Structure formats: structure tokens, C-alpha cells
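Given below as C-alpha cells:
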């Protein structure tokens, strides 16, 4: 396990919205299934005193933490207030914030991640599906029925593409240790390098699937930082330059961050690169 | 969204950055009445979003005698195919030295990064390739409201103090306007002080609302239409229409099409909650492109309801064949509905993409 286990107690910020309440239910169903603590409190300013799926709601993170011993937050707060909510979580002393919210202005994300860092609070995301350690912990919105416990770590900038790869792995009989969606925005908290460092310390993880896409060079930076066996896949080989491919971070700018040169650099570092998702299980089996 | 030079200069001016005196005109507007304010020698600049505008003939020197003709010439000469609707006529500065400065966001350090070069005016990408040491670079905490002066001194070396002040003001613009890029190229020194001779500003699309910008001009009509429905949409030039959920999965579908020898017509990410209405609309939008011969719908998700998606596809009732790859809840019902109407629903991404490529082969 990395980032948490069965004993991780969770709060949800943005608890009373459609997304928040829906996923509190799913996260707690999963927690019951695996015998975990799950979501113990929700936070929505002005909605303190209510209940969502049997979970008490508070006005602030501080008030929630006065009643509950949580260490992590999963955040569904609307984009315009999400940066502020990340800072609130860090200020109240949480160790980990999973920011699911999409479309957060990048200046807000940059400030919030920096502010959280001052108190040692790690941010995963924004614009991410969260993480799932099969049999232990689900923080976020990943569809748990596709997952099975095992020894392969998965790190990805994407959501559904991650589910696609996890599905392929599970069908091939290859289980996962922890699957982390680090988010599709230009500025994200935990990067490939950060998650890989955790996997290195994790005895359960024997090999890693790294799913990247066009834009930036965090994939190369991550691979350079670790000795773990890796199979990589990079989406966006056919992406045209200067066009945002859905994710705010998926853009080839100033001739940089295109998939082909990324793949070339990864191969130079002796990383196996799959040319399509369905090749990944076969390649990772070779490394186990 | 990219701002045009005159828009960026207006925002620079508000923050105390000196810009040349200028006059913005559309065609048939009176120019000569205002020439007194600008002096005899002027620069006439097409206001178009085109890289390498100067080299492409979009920036011309003129004087009071031929300024009207020069402006008229620009109105009738598209720059790299982009028609010129507005022209900025500016006083010509007595330039002593040109610098390059830009502020952007560094993904690696998650901080603002300032690039500075002693030689401005040329394309920075070229300098970066040919003489990378000529570009200096600093990053600093985004929690600071000013660029620390020691960093500015490190960055600008012997440049006059006014250059440092201007860069700090540019950082204020960068923050206040939610910029992804704020660039002055060239930043010039003159006997009258330091000026931003050119200006470039790209605003974060996720901050357009709070910046009071209602319409993203960088999008095509179809892209705007798609955005209204919450889709991410990019037009390409192949014959296979693509609809997916999630940016990564949709990009991957495009790549797979190429892998099997086909060419995608578009990228369309329907986003979360692919329900009947949204799917119907997405299918119709993609089918509306004349080049599209076949459409592949690739949706995967824990909470996507396959029966709803199937109804959306059927209701769209487009002429082209729609090949479906669906995984989610109520999968069996979705499959049954689609089969009844003669749609092919395939089990894997590879199979579905192969089938679509075969249709166009």
C-alpha cells in the first residue's frame, strides 16, 4: 500500500453535491467490503448538521476534524472554490488531499499545491480519479469492480484509460498493488516521480505500468528517478500541436511534449513502451 | 485563449508597464487626424494571431506621408492566410537595446518561470536551439506576490533597473490575468525609459469566466458548439469519427486508428455522465462533418449506463455506420438494443477500431 490502507479515515469536501454524495456512498460500500474505515465525515460550507448517506456533514474541515480522526480528504468542490478547499484541508492538518475537481484555474492549483507543501500535505490531482489499493482502500471515483489485488503498480495522467488498462490487467490475471491517477492538468501535486518513490518503498509492488500522454516531460522525469521495472504507454501519438486534447495539460506547445519524442526518450532509458493498451499485460508479465 | 497585441498592451498599461503611444484602427477609419500624437515616424502592425508576424509582412514602417496607404495595404493582405480586421499604428521608439522576457508555468517545479535573454526581437525558440546559454531562467514560489529582487538581478545582469521593474509588473499581469504565458519580445530601452514594444498574453481557458471573457475566440464554430454541451472537441482530417469518454481513452482511440492504418476525423471527449441526450448530440455533431464515413463510439466507465448510451446512438439515427464499444452497467441490455437495430457492438477497443478502419479501407 502507498498513501494509505484500511485504517485510513477519510473526509469528503464538497459532500452534499451530486458527485460528492454519490461517491461517498460508493467509497463506503467499498470500505465495508474490505473492512476499512471509509468516509467518516463530509464538509460543505453552510450545510453543517446535515447527513449524506449516513455521514455527518460539517461547515469546515476544522470542525470535522474536531469530531473525527481523519488523515485524508477527497475533494469534489466546484472548480472556482477548489483551490481554497485544498488549502483549507492542508491548514487543518490533513496529510493527503485527493482533488477530483476538473477545470481548476492553473494559478489556483499552483498556489494550493505550494501552500499544502508548507505543512507537508500531499495533493493528488487536480483533475484526477484518485487512487485504489485493491482490498484495502479506495479514495476517489475509480470503478472498483475492475480491480484485483496483486503486485503491479499503475500510475496514470488519465481516468478512463486507466480503467481500460486495469481491466486488461485483471482479465490477464495480473493484479494491482495500488493504482494512482495523478491528474490531467499542467500543474499537479504528486507527479510520476513522487508516486514511483512510494512504490519503491512498497514491498507489494514488483513492477509499474506508467500511462502518460502528450504535454510536459513528467513521464521522463519519473522514469529517470527510479530503478523499478516499468512498462509505459503514451497516449496522443496522433495529437496535433497546439490543440488541447481534452485534458488542460495534454497539449504540445513550442514543439515540446509530443508523444513520439517522449516515447523515444523513454526507450533510450530502456523502458518498454507499449504501442497500444492491449499489449501492456503481456509486456508486464515479462517483467514480473 | 490568446489575446491580440493591442489587448495585451492595454492590460500591461493598467499595471504600469510603458507601451508605445498607439492608435487602433479598422478599415475606413480616420487615421491622419490622430497622427500628431504619434509623431512623424510610425510602425503599422496587423492585429492578427499569427506566429512570426513580422517576417510574414504584418509589421511595416511608415511615416505621416504614407501611413494611410500602408494601413490600407495591410487590410488587403492576409497574414499567413489570416485576414486583417484591425491595425495598430504606434509611435516609432528610439531603441537603444532589445531584450526578451517571458513568464510561464514550469510543470516540473510547479512554479512560475521567467525566461530572459539579452538579445530580444528574434524568435526565442530559435535562440533556445542555437544558443541555449543566452537564455537565463529562474523559478520561484507562487506564494510570493513579487519577484524577489535578487532573482531579478541574477536574471537581468547589467540591464538597467527599469527592466527589473518592468518584469515585476509583468509578473503582476501574469497573476492577475490568470495567464499561462506573458511575454514581451522585444522589451526595449530608450532615452525615454523601458517599453514593451510587443506584447503576448495567453489566458488560462479555465479562468475565462472570472476574467470576464464570455467567448473563447480560439475555437472554431463546431468547437464552440461542442463546448456548450461540455464536450472537448478537436477537428482532424481523416474519415473515422471518434467519440470517447475521458481524454486519455479518446486520444488512445485516435492512436489505435492510426496503428491499424486508418485516420481519425476528430477527437470528441463526452466527459463524465454520458447519458442518452449527450450521446445523441455527440453522434450528430460528428456525423455532421462531411468527411466522416464511419463513427466509433468507445465508452468505458463504472457508472456509464450502456442502455442509455445505446438509446442515444439509436435516436441520433445518423446515415453513417456507428460501431460501438461499451463497458459499464446494463451492458447486456445496451447490446440487445443495438443489435436489434443492426448496430455492431464489439467487446474490445482493438476489435472496434479494426472494424471501423475496415469500413474506410
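Protein chains in written order, with this note's numbering: chain E, 1 to 288; chain H, 1 to 361. Cβ coordinates follow ideal geometry from the N, Cα and C atoms, glycine included. Everything numeric in this text was worked out from a predicted model, so none of it was measured.
At a beta-carbon threshold of 7 Å, the residues of chain E lying near residue 105/H are 106, 110, 186, 187, ordered along the chain. In the structure shown, the three-state DSSP call for residue 45/E is coil. Taking C-alpha positions only, residue 124/H is separated from residue 282/E by approximately 44 Å. Pairwise C-beta distances place the region 291-298 of chain H in contact with the region 325-341 of chain H, as three or more of them are shorter than 8 Å.
8 Å or more divides the Cβ of residue 200/H from the Cβ of residue 221/H. Per the C-alpha coordinates, the member of 216/H, 225/H, 170/H, 207/H positioned closest to residue 198/H is 170/H. Comparing C-alpha distances from residue 58/H to each of 36/H, 87/H, 67/H, 39/H shows the shortest one belongs to 87/H. Counting along the chain, the unbroken beta strand (DSSP E) around residue 178/E starts and ends at 176-181. For residue 345/H, the enclosing beta strand (DSSP E) begins and ends at 344-346. The Cβ neighbour count for residue 126/H, taken over all protein chains shown within 10 Å, is under 16; the residue is labelled exposed. Under the Cβ criterion of 8 Å, residue 164/H is not counted among the residues facing chain E. For residue 158/E, the secondary structure class from DSSP, reduced to helix, strand or coil, is coil. A distance below 8 Å separates the beta carbons of residue 72/E and residue 95/E. Around residue 141/H, the beta-carbon contacts reaching into chain E at under 8 Å are 114. In the pairwise beta carbon analysis, the region 212-228 of chain E is classified as touching the region 259-275 of chain E: at least three pairs are separated by under 8 Å. The beta carbon of residue 13/E is closer than 6 Å to those of 43, 73, 75, 77, 85 in its chain, skipping five residues each way along the sequence.
Residue contact check for residue 289/H against chain E: no CB pair falls below 8 Å. Using a Cβ-Cβ cut-off of 8 Å, residue 145/H is close to nothing in chain E; its nearest Cβ partner there is about 11 Å away. Uninterrupted beta strand (DSSP E) stretches at least 3 residues long and entirely within the region 53-127 of chain E occur at 55-58, 72-75, 96-99, 122-124, given in chain order. With respect to residue 243/H, residue 292/H sits apart: the two C-beta atoms are not nearer than 8 Å. Note that the C-beta distance between residue 95/H and residue 22/H is not below 8 Å. According to the DSSP assignment, residue 224/H belongs to the alpha helix (DSSP H) that extends over 221-228. Residues of chain H with a Cβ closer than 7 Å to the Cβ of residue 245/E are, in chain order, 234, 247, 251, 267. For residue 75/H, the enclosing alpha helix (DSSP H) covers residues 67-75.
Judged by DSSP secondary structure, residue 111/H falls within the beta strand (DSSP E) whose first and last residues are 111-117. Three or more beta-carbon pairs separated by less than 8 Å link the region 22-41 of chain E to the region 136-156 of chain E, which places the two stretches in contact. Below the 8 Å Cβ cutoff, chain H contributes 234, 236 as neighbours of residue 240/E, in chain order. Between residue 233/H and residue 177/H, the alpha-carbon positions lie close to 25 Å from each other. As computed with DSSP, residue 298/H is found in a beta bridge with 244/H, 325/H.
Taking 8 Å as the upper bound on Cβ-Cβ separation, chain E lies near residues 110, 111, 112 of the region 109-120 of chain H. A direct Cα-Cα distance of roughly 42 Å separates residue 357/H from residue 107/E.
Against residue 66/H, chain E offers no close residue; the least beta-carbon distance is about 36 Å (beta-carbon pairs closer than 7 Å). Listed in chain order, the non-local C-beta contacts of residue 172/H below 7 Å within the same chain comprise 15, local neighbours out to five positions each way being set aside. For residue 105/H, DSSP records a beta bridge to 112/H. Scanning its chain for C-beta atoms nearer than 7 Å, with the 5 sequence neighbours on each side dropped, one finds around residue 269/H the residues 231, 232, 244, 245, 246, 247, 250, in chain order. By the beta-carbon neighbour count (other beta carbons within 10 angstroms, threshold 16), residue 157/E is buried.
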